[in-house]
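A.B. asks:
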Amino acid sequence: MNDGLIAIRYARALYSSAKDKGKEDAVYKGICTMTTAFETVPGLKHALSSPTINDDDKISLLTKAAGDKPSKELKSFIVFVVSKKRESYMGSIARMYEQLYRKDKNIVVSTVTTASDIKDKSLSRIEKFVENICDAEKVELRTKTDPSIVGGFILDVEGKRMDASIKGQLSKLYKYAGHKAK
Numbered sequence: 003m004n005d006g007l008i009a010i011r012y013a014r015a016l017y018s019s020a021k022d023k024g025k026e027d028a029v030y031k032g033i034c035t036m037t038t039a040f041e042t043v044p045g046l047k048h049a050l051s052s053p054t055i056n057d058d059d060k061i062s063l064l065t066k067a068a069g070d071k072p073s074k075e076l077k078s079f080i081v082f083v084v085s086k087k088r089e090s091y092m093g094s095i096a097r098m099y100e101q102l103y104r105k106d107k108n109i110v111v112s113t114v115t116t117a118s119d120i121k122d123k124s125l126s127r128i129e130k131f132v133e134n135i136c137d138a139e140k141v142e143l144r145t146k147t148d149p150s151i152v153g154g155f156i157l158d159v160e161g162k163r164m165d166a167s168i169k170g171q172l173s174k175l176y177k178y179a180g181h182k183a184k
């Protein structure tokens with residue numbers, strides 16, 4: 003069976019169950035923590051795929067990956083997934099759950115890259131801007147720092163990029179000047 007198909011089925015089941023109980027927000031919080039763990043702990047996916055690690059240890063790993071106090075629904079789901087020998091799909095299931103939750107709640111994920119740390123006031127203005135252009139209920143704004151852009155910012159929203167960085171503007175100017183010189 004296709005990995006993506008397995009992940010979306012499990013994610014839909016979790017979301018539906020959590021939503022019926024009014025616990026989708028609590029599950030989402032744990033799922034986001036888990037997704038971060040899969041992205042930042044390189045050995046996690048490998049450990050879950052290992053036949054030498056027993057089911058109780060896999061349950062413990064996934065529960066810890068879900069944060070300090072994951073919801074009862076998420077804990078039960080983790081036990082269920084491990085009992086069905088689908089723990090190696092948990093990273094994909096978590097990402098799919100995030101997508102389902104965000105779509106249902108009209109949440110947009112956006113990343114702003116700046117040359118240095120950005121002030122909270124500026125972040126709030128960027129969030130409002132993204133909410134308006136995307137007609138979103140909420141924006142999850144992630145920040146990155148990249149000194150090579152020199153100044154300004156780069157805003158990524160749903161696969162689209164707005165490059166208002168000095169590096170980007172200089173690059174455009176260079177390309178324009180290069181084409182004119184020929």
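For the sequence shown, my numbering assigns the number 3 to the initial residue and increments by one for each residue that follows.
We put the beta carbon where it would ideally sit given N, CA and C, even for glycine.
Mind checking Y103: buried by the 16 CB within 10 Å criterion, or exposed?
C.D. replies: Here the question's residue 103 lines up with position 101 in the sequence shown. So Y103 ends up on the buried side.
A.B. asks: Closest to A68 by C-alpha separation, out of T115, R97, T116 and D148, would be which residue?
C.D. replies: By 1-based counting over the sequence shown, the position of residue 68 is 66. Among T115, R97, T116 and D148, the Cα nearest to that of A68 belongs to R97.
A.B. asks: So if DSSP puts E85 in a beta bridge, which residue, or which two residues, is it bridged to?
C.D. replies: Walking along the sequence shown from the start, residue 85 turns up at place 83. The amino acid at residue 85 is misidentified as Glu; the sequence shows Ser. Its beta-bridge partners do not exist; DSSP assigns none.
A.B. asks: Taking only the alpha-carbon atoms, compute the straight-line gap between V84 and Y91 and give it to the nearest angstrom.
C.D. replies: In the sequence shown, residue 84 corresponds to position 82, counting from 1. In the sequence shown, residue 91 corresponds to position 89, counting from 1. Each residue's alpha carbon lies about 10 Å from the other.
A.B. asks: Our contact map puts E26 next to Y12 with C-beta atoms below 8 Å; I'd like the distance itself, whole angstroms only.
C.D. replies: Your numbering for residue 26 matches position 24 in the sequence shown. Your numbering for residue 12 matches position 10 in the sequence shown. Contact doesn't hold; Cβ gap of about 15 Å is too wide.
A.B. asks: Could you round the C-beta distance between R82 and T116 to whole angstroms and report it? I think they count as a contact, below 8 Å.
C.D. replies: Here residue 82 is taken as the residue at index 80 of the sequence shown, counted from 1. Here residue 116 is taken as the residue at index 114 of the sequence shown, counted from 1. For clarity, residue 82 is Phe in the given sequence; the question names Arg instead. Not really, about 42 Å apart at Cβ, beyond 8 Å.
A.B. asks: If you compare alpha carbons, which of K21, S73 and V132 is closest to T113?
C.D. replies: For the purposes of this step, residue 113 is taken as the residue at position 111 of the sequence shown. Ranking the options by Cα distance to T113, first place goes to V132.
A.B. asks: Can you tell which of L76, Y30 and G170 has its C-alpha closest to the C-alpha of V152?
C.D. replies: In the sequence shown, counting from the first residue as 1, residue 152 sits at position 150. Looking at the Cα atoms, G170 is the closest of the given residues.
A.B. asks: Pick from G45, S94 and E160: whose alpha carbon is nearest that of N4?
C.D. replies: Reading the sequence shown from its first residue, position 2 is the one you call residue 4. It is S94 whose Cα lies nearest to the Cα of N4.
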